[in-house]
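1 is the number of the first residue of the sequence shown in the numbering used here; add one for each residue after it.
For glycine and all other residues, C-beta sits at the position ideal for the given N, C-alpha and C.
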Amino acid sequence: QAPKDIVDHLASQLGVAPGALADYAARRRTRQEHAVEVAGHLGFRKATPGDMAEAGVWLLERALDHDSPTFLVRTLCEHFFAANVLRPGLSQIERVVSRARNAARREMYHRVEHLLGPRRCRLLDGLLIPKDENSPTPLYWLAREETSASAKSILHALERLAFLQRAGVHRWDVSGLSPNRIKLLGRLARPSPGI
């Protein structure tokens, strides 16, 4: 499956015909033995249980800032490469990423738990209750974006700002969360149309 140019170059270095390399990996043991030799020559080693545990702790710090599984998988693979550790199998990588994401969510909730006193919980719960059967929820009203710079749109935006100021939202201490986490929470809290 290697590109022909690479096969030709390797064959010329080894002094063999390019076709001779087609059978190289036919014997499984040869592949395994040579993979170990190549890794050793390059200074790489297999991941140990200790490496996996350390990687999980290391990844948690990144997961507190980014929730994207793709980003975390790529970051973890780069971490192993930088530490000269052979990348473990994808199932192991997925488990480490999943655990880090879950731990990051728990930690995020722990960091904002102090904000959720009875009064604020009532305020937040109230955002989900429409005034009547035909009106949207206050949360939908708050999250709605203005589409023009008309006087009416500016007044609506100022009404929402005044509501948030009366609720004291600008004094809520979210300094324990990264800006990316705050954006993620905003996306999670954004209501779907009609809510």
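Return the bridge partner residues of residue i from the DSSP annotation.
| i | result |
| --- | --- |
| Val85 | Arg45 |
Less than 7 Å between C-beta atoms, sequence neighbours within five positions excluded: which residues of the same chain meet that for residue i?
| i | result |
| --- | --- |
| Leu123 | Ala167 |
| Val57 | none |
Starting from the Cα of residue i, find the closest Cα among the options and give me that residue.
| i | options | result |
| --- | --- | --- |
| Arg111 | Thr48, Asp173, Arg31 and Leu155 | Asp173 |
| Tyr140 | Ala35, Leu128 and Ala151 | Leu128 |
| Phe163 | Arg31, Gly126 and Val16 | Gly126 |
| Val169 | Leu142, Glu54 and Ala151 | Leu142 |
| Arg181 | Ala2, Arg106, Asn134 and Ile93 | Arg106 |
| Tyr109 | His41, Gly176, Glu37 and Val36 | Gly176 |
| Ala53 | Glu33, Pro88 and Arg28 | Pro88 |
| Ala35 | Leu86, Glu133, Leu90 and Thr137 | Leu86 |
| Gln92 | Ala55, His9, Arg144 and Asp5 | Ala55 |
| Leu42 | Phe81, Cys121, Leu14 and Ala11 | Phe81 |
Determine the burial state of residue i: buried for a count of at least 16 other Cβ atoms within 10 Å of its Cβ, exposed for fewer.
| i | result |
| --- | --- |
| Val97 | buried |
| Ala22 | exposed |
| Ala20 | exposed |
| Ala25 | exposed |
| Ala2 | exposed |
| Ile154 | exposed |
| Arg63 | A small fix is needed here, since residue 63 is Ala in this sequence, not Arg. Under this definition Ala63 is a buried residue. |
Near residue i, what residues of its chain come up, given a Cβ to Cβ distance below 8 Å and the 5 sequence neighbours on each side ignored?
| i | result |
| --- | --- |
| Arg202 | Past the boundaries of the shown model lies residue 202; the chain is included only from 1 to 195, so the question cannot be answered. |
| Leu59 | Leu72, Thr75, Leu76, His79, Val96, Val97 and Ala100 |
| Val7 | Pro18 and Leu21 |
| Thr147 | Ser153 |
| Arg31 | Ala25 |
| Leu115 | Trp172, Asp173 and Val174 |
Spatial neighbours of residue i within its chain, please: CB distance less than 6 Å, with the 5 preceding and 5 following residues excluded, ordered by chain position.
| i | result |
| --- | --- |
| Gly40 | none |
| His138 | Going by the sequence as given, residue 138 is Pro instead of His. Here the set comprises Leu127. |
| Lys4 | none |
| Asp51 | Val85 |
Problem set entry | Meets three-Cβ-pair contact criterion under 8 Å: the segment 145 to 163 and the segment 34 to 49 | Taking 8 Å as the limit for Cβ pairs, the verdict is that the segment 34 to 49 does not touch the segment 145 to 163.
Exercise. Would you say the segment 51 to 71 touches the segment 89 to 107, given that touching needs at least three Cβ pairs under 8 Å?
Worked result: At 8 Å Cβ cutoff, the stretches touch.
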